[in-house]
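At position 95 of the first sequence the residue is numbered 81 (our numbering), and the sequence of numbers has no breaks.
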Amino acid sequence: MDHFSYDLLTWYDRHHRDLPWRTGPGDRLKGERADPYHVWLSEIMLQQTTVQAVKAYYEKFLARWPRVEDLAAAETDEVMAAWAGLGYYARARNLKKCAETIAREHGGVFPDTLEGLKALPGIGDYTAAAIAAIAFDRPETVVDGNVERVVTRLFAIETPLPAAKPEIRSWTAKLTPRERPGDFAQAMMDLGATICTPKRPACALCPFRAHCLALANDDPERFPLKMPKAARPVRRGAAFVAETPDGRVLLRTRPEAGLLGGMAEPPTTGWTARQDGETGSDAAPFAAEWSHAGEITHVFTHFELRLSVWHAVTSERPVAGGRWESGLGEKALPSVMKKAISKAIPDAFKRRPHDR
DNA sequence: AAGTCGTGGAT
DNA sequence: TATCCAAGACT
């Protein structure tokens, strides 16, 4: 199947995307490999996340923690705050753990084998293969969502996902060349992102157009086939945004495990599947003149959250597990919590931190 | 091994 | 507005 990878690499040499974590063309001509730290950091950020969203975070992390030892030595709170907004916060917790493991147990040097990489927190089948191929030039089989789409189309695989995964892996392994496996993996992903797109693929520009079974026999957009998804349930709850006259806001930290683990939030009730009326202020963390600021809706992967937002201006008082904070813009607040706070205090994130 | 875990952009 | 989905991992 060498002609497939040859055609693809030829296309890649001409049409590859320039991304901050890739080595320049000059570097590759000299045979230099990408920095494993750079590859790892970008791959973790790119899990289920768009290139567009990752770019700024990648630059910020690399500028602040230039080497894996720097990240290992950082405060976890700083790392979480820097990650805030990118989503899937377990990635940030595992990123920190992984950096510490590499610094402490591997002398700051990344393992260069599939098995060594997979043993690290946050690195699964895909990411281990991607780092091994891109940073260490190993011919591992790299399968992500892009590859699944390209391969199911190329071979017109009628098995629906996720049952088709072994089949897809097997075909991808046959395609993967011994030379330039890292470029091959990135080329497959670039192809999936720019040509072999989910909707309206640009088949006329595809290096595989002469060999693609989906294009020859059928409608490429039909692939990959997928099992139908379950409906997304609605959960409801309330958030209580309390502020002092000088603009401090009451925040607490969510438990380490689970949804939005380790991130800050204003006090909220539990989020139940209850379908009855809106949640009242009787569940507030303390008695005050709570006014109803409105409702916000936030869509997570597996449920939709409708939060009733309450607002009170009050004197600063002690609340168990709570902190009265200013300068919200620099806190590790998930987007849904920023949305809730903004509903109660529209300019909350334009304020500067107070002294003291 | 199916469910859990965010967010924002495209269609 | 509704749905999809983007370089998945973990339990």
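For each residue, glycine too, the CB sits at the ideal point set by N, CA and C. Since this is a predicted model, take the numbers as computed values, not measurements.
Query, Result
"Leaving out five residues before and five after P241 in sequence, what residues of the same chain have Cβ atoms less than 7 Å from its Cβ?", "G247"
"How big is the Cα-Cα spacing for D262 and W51?", "Below a pLDDT of 50, predicted positions are generally treated as unreliable, and D262, at 48, falls in that range; no measurement from the model is reported."
"So, using beta-carbon positions, are L161 and M249 closer together than 9 Å?", "no"
"How many angstroms separate the CA atom of W(-3) from the CA atom of A224?", "53 Å"
"Could you tell me the alpha carbon to alpha carbon distance between E275 and R292, rounded to whole angstroms?", "22 Å"
"Comparing C-alpha positions only, which one of Y44, V54, I181 sits nearest to Y90?", "Note that residue 90 is Arg in the sequence shown here, rather than Tyr. Here the closest residue by C-alpha is V54."
"Can you tell which of Y23, P187, F226 has its C-alpha closest to the C-alpha of I331?", "F226"
"Where are the alpha helix (DSSP H) runs, 4 residues long or more, that stay fully inside the segment 74 to 142, in chain order?", "76 to 91, 100 to 104, 111 to 122, 131 to 140"
"Go to H278, then tell me how far its beta strand (DSSP E) extends in each direction, as first and last residue.", "277 to 285"
"D(-12) to E165, Cα distance in whole Å?", "10 Å"
"So, with DSSP's three-state summary, where would you put V220?", "strand"
"Does DSSP classify V299 as helix, strand or coil?", "strand"
"Would you mind working out which of N132, E134, A116, R135 sits nearest E126, comparing C-alpha positions?", "A116"
"Would the segment 295 to 313 and the segment 184 to 194 be scored as touching if the rule is three or more Cβ pairs under 8 Å?", "no"
"Tell me the rounded alpha-carbon separation between K329 and L236.", "15 Å"
"Going by beta-carbon coordinates alone, are A76 and A58 separated by less than 9 Å?", "no"
"Can you check the segment 133 to 192 for any beta strand (DSSP E) of at least 3 residues that lies completely inside it and give the ranges in chain order?", "none"
"Taking all protein chains shown into account, do 16 or more other C-beta atoms lie within 10 angstroms of the C-beta of K336, making it buried, or fewer, making it exposed?", "exposed"
"Exposed or buried, K151, counting other C-beta atoms within 10 Å across all chains shown (16 or more means buried)?", "exposed"
"For E18, which residues from the same chain have a beta carbon less than 7 Å from its beta carbon, with the 5 sequence-adjacent residues on both sides left out?", "T9"
"According to DSSP, is K329 helix, strand or coil?", "helix"
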